[in-house]
Amino acid sequence: MKNYQKLFYKNYYAQNEKGEYIPVSRKVCFAPAEPPTEDNPYKQKWFYDPEAGYAVRLERNKENEDIHRLNDTSLKKEERYRDRKFSCVWKDTSNCNQDCIKCIRKNTCRTVELDKTWANENSDEMK
């Protein structure tokens, strides 16, 4: 999985005890976390949204632990989908006869996009 703290975001926020989001610098947002204590046993977590361009340093509590887990799951799912969609269809099959670096078929996707037209040279049924 990517290290989302290494990405650049337009905005950085920190959540305070009241649940409000305060704009902060990148350094403050990704500052090293305090270790869990008996009073607050939760680890420091972040919420990342690369598409919207922001990262949030979440307050250490149970609710934000769940928010982080959902965000992390969503980001992993998107990464796996992207990797699978653009992975080579021919790799590790009997049809593959080339080196992956020099392969001219490497842009062949695993998915079919239904919004694109399909045209057969011998047929005028779909264009």
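Those letters in the sequence shown? Residues 0 to 126, per numbering that gives the first Met the number 0, in order.
Don't be surprised by glycine CBs; every beta carbon is placed ideally from N, CA and C.
Which word fits M125, buried or exposed, when buried means at least 16 other C-beta atoms lie within 10 angstroms of its C-beta? For M125, the predicted model reports a pLDDT of 49, less than 50, meaning its position is unreliable; a value from the coordinates is still stated below. M125 is classed as exposed because its beta carbon has fewer than 16 other beta carbons within 10 Å across all chains shown.
Under a three-way DSSP split, which group does Y47 fall into? The answer is strand: DSSP assigns Y47 an E or B state.
Helix, strand or coil for I100? Go by DSSP, reduced to three states. Three-state result, I100: coil.
In whole angstroms, what is the alpha-carbon distance linking S24 and E78?
-> When the Cα atoms are used, S24 and E78 turn out to be separated by approximately 27 Å.
- By Cβ distance, which residues of its chain are closer than 7 Å to K75, with the 5 residues on each side in sequence left out? Same-chain partners within the cutoff: M0.
| said: Contact defined as beta carbons within less than 8 Å: I believe P49 pairs with Y11. What is the distance between those atoms, to the nearest angstrom? | reply: By a beta-carbon distance limit of 8 Å, P49 does not contact Y11. Their separation comes to about 13 Å.
Would you say C87 lies against chain C (beta-carbon separation less than 9 Å)?
No chain C is part of this structure, which consists of one protein chain only.
- Message: I'd like the list of long-range same chain contacts for G18, defined as Cβ closer than 8 Å, with 5 residues on each side in sequence excluded.
- Response: So the qualifying residues of the chain are E58.
- Is DSSP giving R56 helix, strand or coil here? Here R56 sits in strand by DSSP.
Requested in this report: List the residues that DSSP assigns as beta-bridge partners of Q14.
Outcome: Paired residue(s): Y20.
- Item | Per-residue DSSP class, three states only, for K61 | When secondary structure is reduced to three states using DSSP, K61 falls in the helix class.
The stretch 31-46 in contact with the stretch 64-71 per 3-pair CB rule at 8 Å
Yes, since at least three Cβ pairs between the stretch 31-46 and the stretch 64-71 fall closer than 8 Å, the two stretches touch.
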